[in-house]
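Asker:
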Amino acid sequence: DTGVSQNPRHKITKRGQNVTFRCDPISEHNRLYWYRQTLGQGPEFLTYFQNEAQLEKSRLLSDRFSAERPKGSFSTLEIQRTEQGDSAMYLCASSLSGPLYEQYFGPGTRLTVT
Amino acid sequence: DQQVKQNSPSLSVQEGRISILNCDYTNSMFDYFLWYKKYPAEGPTFLISISSIKDKNEDGRFTVFLNKSAKHLSLHIVPSQPGDSAVYFCAALFGNQFYFGTGTSLTVIP
């Protein structure tokens, strides 16, 4: 297992279209996080899974965003009716449970909405 | 509402000297702090962490200091190397949410 992978790496879409991103965490990690990062900012928390359960969602996450983690393995993040303001880097991270909170990040998916 | 702040967007240091990156936070409930390093086109990579019950943690060339009364943490890199040139993010944990600063771009000049 070489780390967290994300697909696609880049996505260009037209405003109003739906997009879906995939994250494959490190296999033994039961926690999975999604973040959004815009230029000049740090990663901004979107949502968090413990195994297959979505335990927390940012209040900033609009109802156009939905995330799933079936069977506690890979996760998908879907954005419906994309807007230009959704253009950002979407990062996924995974970690083990417990007192060590080291997160391992994937390379991200860069979304451009035209 | 930026709860974790890195007020220096960039820093340049000569190779071999000390790099000091600073981070301030507003929420006294944060109980765990981390530093990440990020190279272009890659995700952030964990560097070092510190629990709120400690005031110092050291790992090789990297030391993190935590001043809870001032709500301030810093990352010291000694000696700095050209390969340390990257963007550094501090992050703080409250509950299950991590809050990241805006990052400081470090350039180590050979």
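In order, the protein sequence lines correspond to chains A and B. Just so it is clear: in the first sequence, position 92 is 1479 by our numbering, and no numbers are missing. Just so it is clear: in the second sequence, position 54 is 97 by our numbering, and no numbers are missing. We put the CB at the ideal spot given by N, CA and C, even for glycine. Please read these numbers as outputs of a predicted model, since none were measured by experiment.
Give the secondary structure of A/K1458 by DSSP, where H, G and I count as helix, E and B as strand, and everything else as coil.
Answerer: A/K1458 falls in the helix class under three-state DSSP.
Asker: Between A/E1439 and the rest of its own chain, which residues show a CB-CB distance below 7 Å, the 5 nearest in sequence each way excluded?
Answerer: R1456, P1457, K1458, G1459
Asker: One question on the structure: do B/S95 and B/D74 come within less than 8 Å of each other, judged by their Cβ atoms?
Answerer: yes
Asker: Quick one: complete beta strand (DSSP E) runs, 3+ long, within the stretch 1393-1430 of chain A?
Answerer: 1397-1400, 1406-1411, 1418-1424
Asker: Can at least three beta-carbon pairs, one atom from the stretch 51-71 of chain B and one from the stretch 1405-1425 of chain A, be found at a separation below 8 Å?
Answerer: These segments do not touch.
Asker: Helix, strand or coil for B/D67 per DSSP?
Answerer: Three-state DSSP puts B/D67 in a strand.
Asker: With distances taken Cα to Cα, identify the nearest neighbour of A/G1427 among B/S123, B/V151, B/Q49.
Answerer: Proximity to A/G1427 across B/S123, B/V151, B/Q49 peaks at B/Q49, based on C-alpha coordinates.
Asker: Skipping 5 residues on each side, what residues in its chain have a beta carbon closer than 6 Å to that of B/A134?
Answerer: L77, F141, F143
Asker: Any beta carbon from chain B within less than 8 Å of A/P1494's own beta carbon?
Answerer: yes
Asker: Measuring straight from C-alpha to C-alpha, what distance separates A/S1449 and A/S1462?
Answerer: Taking the straight line from one Cα to the other gives about 18 Å.
Asker: Contact defined as beta carbons within less than 8 Å: I believe B/L116 pairs with B/F108. What is the distance between those atoms, to the nearest angstrom?
Answerer: 6 Å
Asker: Under the three-state reduction of DSSP, which class applies to A/Q1471: helix, strand or coil?
Answerer: Assigned with DSSP and collapsed to three states, A/Q1471 falls in helix.
Asker: Measure from the alpha carbon of B/P87 to the alpha carbon of each residue in B/V151, B/V130, B/G138, B/T147, then state which is nearest.
Answerer: B/V130
Asker: Classify B/Y82: buried if its beta carbon has 16 or more other beta carbons within 10 angstroms, exposed otherwise.
Answerer: exposed
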